[in-house]
Amino acid sequence: MVSIEDLRKIDVLDNLTDPMLENMRPLVQLQLFGDGAVIFKEGQEADLFYMLLTGKVLLEVEAAKDVTISLESMKPGYSFGWSALVPDSLYTAYSICVEPCEVMSISGEKFRDLLEQDHSIGYRFMEAVVRILKRRLERRTDQFLKVMSRHPDIQKLLGVEEG
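Written out as structure tokens, the structure is:
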């Protein structure tokens, strides 16, 4: 069984109290993955929510045949597989270990049940989710705007000369 100290290392859980983490602890499993292991695939039933303890995981999508886009690099403390928190969902990306990883997982259904049973855990967890998703949205918006600003048609509209 994972420890409270392990759970405390996860960003999305950092505002939960020790008793809240203790309620969650029996539901969490520790899994070990080797370099190159696929944790889940795009389109697969989203049944587990993951939290990275050690290692590095890439989230990727296949944009076209032979074209893979890396969406995010997960480092220790990050969570992924958010689709498991929504009933009847599918994973929207591939998760691939780029080095050996220790990953904690929790059944999305059991976790949702816990959040429903204890609204104080649910509120604190959702508060952390909003904080994380806001940060990711801001980062993706910045990336999008940088790419768009370099687009030749946009540069013409802005009156920027190509150099």
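Residue numbers for the sequence shown follow the numbering used here, so the first one is 4 and each next one is one higher. Even for Gly, the Cβ is constructed at its ideal location relative to N, Cα and C.
C-alpha distance - residue i paired with residue j, whole-angstrom precision
{"i": "residue 90", "j": "residue 16", "result": "21 Å"}
{"i": "residue 36", "j": "residue 104", "result": "5 Å"}
{"i": "residue 47", "j": "residue 88", "result": "14 Å"}
{"i": "residue 153", "j": "residue 162", "result": "12 Å"}
{"i": "residue 114", "j": "residue 126", "result": "13 Å"}
{"i": "residue 80", "j": "residue 9", "result": "9 Å"}
{"i": "residue 24", "j": "residue 121", "result": "12 Å"}
{"i": "residue 66", "j": "residue 75", "result": "15 Å"}
{"i": "residue 130", "j": "residue 159", "result": "42 Å"}
{"i": "residue 155", "j": "residue 146", "result": "17 Å"}
{"i": "residue 144", "j": "residue 39", "result": "30 Å"}
Closest Cα partner of residue i within the set the options
{"i": "residue 19", "options": "124, 72, 140, 102", "result": "124"}
{"i": "residue 77", "options": "88, 92, 102, 69", "result": "102"}
{"i": "residue 3", "options": "130, 33, 136", "result": "Nothing can be reported for residue 3, as the shown portion of the chain is limited to 4 through 166."}
{"i": "residue 4", "options": "148, 31, 159", "result": "31"}
{"i": "residue 86", "options": "49, 75, 109, 108", "result": "49"}
{"i": "residue 108", "options": "137, 21, 29", "result": "29"}
Contact check, residue i vs residue j, beta carbons under 8 Å
{"i": "residue 52", "j": "residue 98", "result": "no"}
{"i": "residue 1", "j": "residue 54", "result": "What the structure shows of the chain is the stretch from 4 to 166, and residue 1 is not part of that stretch, so it cannot be assessed."}
{"i": "residue 94", "j": "residue 63", "result": "no"}
{"i": "residue 157", "j": "residue 14", "result": "no"}
{"i": "residue 118", "j": "residue 128", "result": "yes"}
{"i": "residue 100", "j": "residue 60", "result": "yes"}
Counted within 10 angstroms of its Cβ, other Cβ atoms place residue i as buried (16 or more) or exposed
{"i": "residue 96", "result": "buried"}
{"i": "residue 82", "result": "buried"}
{"i": "residue 11", "result": "exposed"}
{"i": "residue 84", "result": "buried"}
{"i": "residue 73", "result": "exposed"}
{"i": "residue 6", "result": "exposed"}
{"i": "residue 111", "result": "buried"}
Residue i - partner residues in DSSP beta bridges
{"i": "residue 86", "result": "Bridge partners of residue 86: none, in fact."}
{"i": "residue 99", "result": "41, 61"}
{"i": "residue 53", "result": "83, 108"}
{"i": "residue 32", "result": "108"}
{"i": "residue 48", "result": "93"}
{"i": "residue 73", "result": "63"}
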